[in-house]
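Here is the structure we will look at.
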Amino acid sequence: MHHLVIGEGQIGRAIIERALADGDTVTVLRRTAKDPSPGIRRVAGDVLDPAALGAAIDGAGAVHATFHAPYDARLWREQLPPRELAVLDAAAERGIPVVFPESFYGYQGGAAHLAEDASPSPQDEKGRVRVELLAVRRAHRARTLSVIASDLIGPSTVGTGAAVATAMVIEPLLTGRRAILFGRADAPHTLTHVPDLAAAMLHAARRAEHLTGAAGDAVLNAPAAPARTQRELIAEASRLVGLPARRPIPIPRAALTLLAPFNTFARELHGISGLWYGPCVQVPGRLEREEGLVATSWEDAVGATFRAAQGARDTGAVSVAP
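Mapping of the sequence shown onto the working numbering: residues 6 to 327, in sequence order.
So this is what it looks like as structure tokens:
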């Protein structure tokens, strides 16, 4: 199968790697040019440029829309709807499915037990944007599959500053600093291993017609290991470093509340803080129950991320978050 991957960030890179390992072929559409790689055709351009999108999508059997916008709800609302619509229209014209990675944000109110049949329950503007995007996908004539992941962990998250488990726990411990605690230490929190999300999205693309049925749309939970706590994550990462677990540096929720009106990052973090101050547990869905996908164990996911961060630190290939 030939896949178009739009965006080459932490999720896009994992999809490309897995697709090539499976013997599939890949075209990547990205905003900036990059040197060629074996087995990968790259097209430089934006999804809002019909010529670039057309050149990239021709010949594809499925699209993986992994592009995103800066972590600001105002920019999400401005940038994401037109970009998703452009991709949906192009895919519909060619009769191919579009697979999206999705988050818990639109379901934050029910995050303690997130099953695939959960009703949307956004608690902030980012969540409301996600719910609106899901509604457009569901109503569009293109066949769409949205694969819900929790907070990410995995080798491709290293150095991005975008994954809490990596940037706030694993990377600080590797550089001799204390972990940073966002939320309750003992609240169970599902972590999605990015390679598992990539495998799920590729499987969804290959089985799109079956998974979406007559509705032409499906919302699926990505495979994930049973939820563990941040206290357990800090203990495991400390063990891998070879040091006793130290008390983490907490981010007070009250501080986020005070800073939210004046600081964009604080505002956006405050908006999804409920995911970290209470249970955030994903229930296995169709991909595990019916399609046979198996999640990487929690220990193996943490270990793989640790080794990637350690390698990046030692070689200087990636700047580990300060």
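Each residue gets a CB set at the ideal place from its N, CA and C atoms; glycine is no exception.
In this text, all values refer to a predicted model and were calculated from it rather than measured experimentally.
Alpha-carbon spacing of residue i relative to residue j, whole angstroms
{"i": "V325", "j": "P177", "result": "Bear in mind that a pLDDT of 48 at V325, under 50, signals an unreliable position, so the number given afterwards is only what the model happens to contain. For V325 and P177, the distance between alpha carbons rounds to 8 angstroms."}
{"i": "P75", "j": "V136", "result": "18 angstroms"}
{"i": "L150", "j": "P249", "result": "43 angstroms"}
{"i": "R1", "j": "A57", "result": "In the structure as shown, the chain begins at 6 and stops at 327. Residue 1 is therefore absent and cannot be evaluated."}
{"i": "H208", "j": "P231", "result": "21 angstroms"}
{"i": "P327", "j": "A168", "result": "With a pLDDT of 38 at P327, under the threshold of 50, the modelled position of that residue is not reliable, and no figure is offered here."}
{"i": "L350", "j": "V174", "result": "Absent from the model: residue 350. The displayed extent of the chain is 6 to 327, so no value can be given."}
{"i": "G132", "j": "D63", "result": "33 angstroms"}
{"i": "Y282", "j": "P127", "result": "16 angstroms"}
{"i": "A240", "j": "V141", "result": "42 angstroms"}
{"i": "G164", "j": "D27", "result": "26 angstroms"}
{"i": "G321", "j": "D191", "result": "34 angstroms"}
{"i": "A314", "j": "P266", "result": "34 angstroms"}
{"i": "P55", "j": "G188", "result": "43 angstroms"}
{"i": "L216", "j": "A205", "result": "12 angstroms"}
{"i": "V92", "j": "L9", "result": "11 angstroms"}
{"i": "L25", "j": "A65", "result": "14 angstroms"}
{"i": "L263", "j": "I256", "result": "12 angstroms"}
{"i": "G276", "j": "D129", "result": "5 angstroms"}
{"i": "R312", "j": "A213", "result": "34 angstroms"}
{"i": "C285", "j": "A229", "result": "12 angstroms"}
{"i": "T171", "j": "A67", "result": "30 angstroms"}
{"i": "G221", "j": "H73", "result": "23 angstroms"}
{"i": "S42", "j": "R258", "result": "44 angstroms"}
{"i": "G5", "j": "R251", "result": "Outside the shown range of the chain, which is 6 to 327, sits residue 5, and nothing can be said about it."}
{"i": "Q84", "j": "L90", "result": "11 angstroms"}
{"i": "E13", "j": "G316", "result": "21 angstroms"}
{"i": "S278", "j": "G44", "result": "41 angstroms"}
{"i": "A245", "j": "A219", "result": "Before going on, a small fix: residue 245 reads as Leu here, not Ala. Approximately 48 angstroms between the Cα atoms of the pair."}
{"i": "G297", "j": "R88", "result": "32 angstroms"}
{"i": "I254", "j": "G59", "result": "48 angstroms"}
{"i": "T269", "j": "G114", "result": "22 angstroms"}
Residue range of the alpha helix (DSSP H) that includes residue i
{"i": "T269", "result": "T269 to G276"}
{"i": "I239", "result": "Q235 to V246"}
{"i": "P86", "result": "A78 to R99"}
{"i": "E304", "result": "W303 to T320"}
{"i": "L119", "result": "Where L119 is concerned, there is no enclosing alpha helix (DSSP H), given that its DSSP letter is neither H nor E."}
{"i": "E293", "result": "R291 to R294"}
{"i": "Y282", "result": "G279 to Y282"}
{"i": "L261", "result": "R258 to L264"}
Contact check, residue i vs residue j, beta carbons under 7 angstroms
{"i": "L119", "j": "I158", "result": "no"}
{"i": "R46", "j": "T37", "result": "no"}
{"i": "A306", "j": "H198", "result": "yes"}
{"i": "I101", "j": "H69", "result": "no"}
{"i": "A78", "j": "L34", "result": "no"}
{"i": "A309", "j": "P86", "result": "no"}
{"i": "A210", "j": "V299", "result": "no"}
{"i": "V134", "j": "R82", "result": "yes"}
{"i": "L3", "j": "G290", "result": "As shown, the chain starts at 6 and ends at 327. That puts residue 3 outside it, with no answer to give."}
{"i": "A116", "j": "L292", "result": "no"}
{"i": "L179", "j": "R318", "result": "yes"}
{"i": "P106", "j": "V152", "result": "yes"}
{"i": "T71", "j": "G17", "result": "yes"}
{"i": "Q15", "j": "T234", "result": "no"}
{"i": "D29", "j": "M6", "result": "yes"}
{"i": "A223", "j": "A154", "result": "no"}
N-terminal and C-terminal residue of the beta strand (DSSP E) that residue i is part of
{"i": "T217", "result": "First-last for T217: A213 to T217, but that is the alpha helix (DSSP H), not the beta strand (DSSP E)."}
{"i": "I16", "result": "Not the beta strand (DSSP E): I16 falls in the alpha helix (DSSP H), residues Q15 to A26."}
{"i": "L9", "result": "H7 to I11"}
{"i": "E107", "result": "V103 to E107"}
{"i": "L225", "result": "D222 to N226"}
{"i": "L196", "result": "L196 to H198"}
Near the ligand MG: residue i beta-carbon under 6 angstroms from a heavy atom
{"i": "A24", "result": "No copy of the ligand MG appears in this structure; indeed no ligand is present at all."}
Original post:
If you pair each beta-carbon of the region 113–131 with each one of the region 93–103, do three or more pairs fall below 8 angstroms?
Top reply: Judged by Cβ distances under 8 angstroms, the region 113–131 makes no contact with the region 93–103, as fewer than three pairs qualify.
Original post:
Just checking, does the region 139–151 make contact with the region 184–194 on the three C-beta pairs under 8 angstroms criterion?
Top reply: No, because fewer than three Cβ pairs between the region 139–151 and the region 184–194 fall closer than 8 angstroms, the two stretches do not touch.
Original post:
At what residue ranges does the region 21–75 contain a whole run of the beta strand (DSSP E), taking only runs of 3 or more?
Top reply: 30–35, 45–49 and 67–70
Subject >> In chain order, each beta strand (DSSP E) run of at least 3 residues that lies wholly inside the region 142–194 >> reply: 149–153 and 156–158
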